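In full-length UniProt numbering, the protein residues as written are 1 to 495.
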């Protein structure tokens, strides 16, 4: 099992920055040359054959197209001896993944791959190389502390050109605190031309040496791996919504809601700014450094909140002894609630594919919780109490016309979803009021027509840029104290 630490690198001087850029450019050139040879071998075998070539034969031809030693000799004076070998191995790993996909695509009984896979491409963005390198695990030194730094190898030609000593390595400043500890894996460094920044990705651990979380005093939830015992047959279902990111119900009746509207509004504001920038571009131009930077910031904020959600969810499920989580399929959301806004939420903002991968990585690998995906079609259009389909929805409010139950529509959907997918003997849901209810007989509504709910019944978490927490003031009955009495200073006052 491997995990990845991600942190920012900065050069101590302009000279070292230029050296690093030249090192990354030479690495990209090496990788692209390796890939060119392998692509040519692939196409030669495929196009010169009279019938379809077996995947095993294509793989053998590509694997034998070049050698590590060839590129070690060609690039060792610039990259050092070990880096060219790592680049050849990195390229081969992409080809192995391609051949696995090709085998599944050709298998008539395998429906997981429906689009024909393409051979691995080059490290290029338009006409420019993607500046990227790979450092072997025993060839770099990472020191963490008040002045964190990393040292990486450089070939003799670059050492002489930039004035490094014979045994000296390139030293870089590390910004950020790696999350994982364990057996050190390889280090990958990538340069973002738009942000003009260097990002390092360090793999940690392997099958025999699992990684461990570093302790953090600023996290809103424990960062150690879950060690709680599992209950027998405890399951949970999560409803993926366009407005509320996740509504969770366990088979013992516990519920949790992740409220997503404020986070989406921030995401949508970035989308509007991107559209405005694009409208001012020349007719033949579709992007710019400013637009790419806005995309990067928008996606980074979303990914940060999503990763925190998955970890908060994993800890919460572990504390409630859940050993299986059932997740709704994205297609059901799109089919039943399609609109331009919902499409933006489900495909761009929510990034369902990434969310599913993170669930598998965090819940499955770290907490031992099985994650499976099922259809949740129709679960949001019936009453969770009497299962009647005679219901009326108004924003987040679901009102049953038969039994009179009022509940949160997404939480109701998670209850119905759980009932449909879990074994009946494992369910211990309350028969009355298992969901949050509107406060003060529908009086506490927000400006957009959506209702606030009593969080003493079900916790509703909101993103505060650092973690998922319950707001301190969620109802009109508990307004914010705006007086300037001692202990409650006005905005801008100095203590």
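A virtual CB, placed ideally from N, CA and C, is assigned to each residue, including glycine.
All figures in this text were calculated on a predicted structure; none of them were measured in a lab.
If one requires a minimum length of 3 residues, the beta strand (DSSP E) runs lying completely within the UniProt domain "Probable transposase IS891/IS1136/IS1341" (232-330) are 235-239, 244-250, 255-259, 324-328, in chain order. Rounded to whole angstroms, residue 111 and residue 103 show a C-alpha spacing of 11 Å. According to the DSSP assignment, residue 352 belongs to no beta strand (DSSP E) but to the alpha helix (DSSP H) extending over 352-359. The C-beta of residue 305 has 16 or more other C-beta atoms within 10 Å across all chains shown, which makes the residue buried. Beta-bridge pairing by DSSP links residue 53 to no other residue.
Exposed is the label assigned to residue 107, since fewer than 16 other Cβ atoms lie within 10 Å of its Cβ. In this structure residue 389 touches residue 381 by the C-beta definition: roughly 6 Å separates them, less than 8 Å.
CA-to-CA, the gap between residue 10 and residue 149 works out to about 9 Å. Boundaries of the alpha helix (DSSP H) around residue 410: 409-421. Straight across, the Cα-Cα distance linking residue 458 with residue 468 is about 14 Å.
If only complete runs of 4 or more residues are kept, the segment 137-219 shows the alpha helix (DSSP H) at 156-162, in order along the chain. Using a Cβ-Cβ distance cut-off of 8 Å, the segment 123-137 and the segment 183-201 are in contact, since at least three pairs of beta carbons, one from each stretch, lie closer than that value.
For the pair residue 313 and residue 322, the Cα-to-Cα distance works out to about 11 Å. Taken in chain order, the complete alpha helix (DSSP H) segments of 4 residues or longer contained in the segment 4-67 are 14-48, 55-63.
Contact between the segment 18-26 and the segment 143-163 is established, with three or more Cβ pairs separated by less than 8 Å. Taken atom to atom, the span from the alpha-carbon of residue 178 to that of residue 152 is near 17 Å.
DSSP lists no beta-bridge partner residue for residue 91. The beta carbons of residue 410 and residue 247 sit about 4 Å from each other, so the pair counts as a contact at 8 Å. Under the DSSP definition of a beta bridge, residue 125 partners with 128. For residue 393, the enclosing beta strand (DSSP E) has its first and last residue at 391-394. Taking residue 241 as the centre and dropping the five residues before and after it, the same chain places the C-beta of 247, 410 closer than 7 Å to its C-beta, in chain order. Taking the Cα of residue 263 as reference, the smallest distance to any Cα among 139, 40, 23, 465 is reached at 465.
The beta carbon of residue 201 is closer than 7 Å to those of 4, 6, 188 in its chain, skipping five residues each way along the sequence.
In the structure shown, residue 366 falls within a helical segment according to DSSP collapsed to helix, strand and coil. Annotated three-state conformation of residue 74 is helix, per DSSP. Cβ contact annotation for residue 81 (same chain, cutoff 8 Å, sequence separation greater than five): 72, in chain order. In this model, residue 83 and residue 317 are separated by some 42 Å (Cα to Cα). In this structure residue 257 does not touch residue 393 by the C-beta definition: roughly 16 Å separates them, more than the 8 Å allowed. The segment 293-308 and the segment 351-367 touch, with three or more beta-carbon pairs separated by less than 8 Å.
Closest by C-alpha distance to residue 374, out of 87, 284, 419, is 419.
If you look at residue 462, you'll find it in the beta strand (DSSP E) that goes 460-463. If you compare the alpha carbons of 125, 259, 254, 39 with that of residue 470, the shortest gap goes to 259. Closest option to residue 370, judged by alpha-carbon separation, among 376, 377, 378, 360: 360. When DSSP reads this structure, residue 466 sits in no beta bridge, so it has no partner. A residue is called buried when at least 16 other Cβ atoms come within 10 angstroms of its Cβ; residue 211 meets this threshold and is buried.
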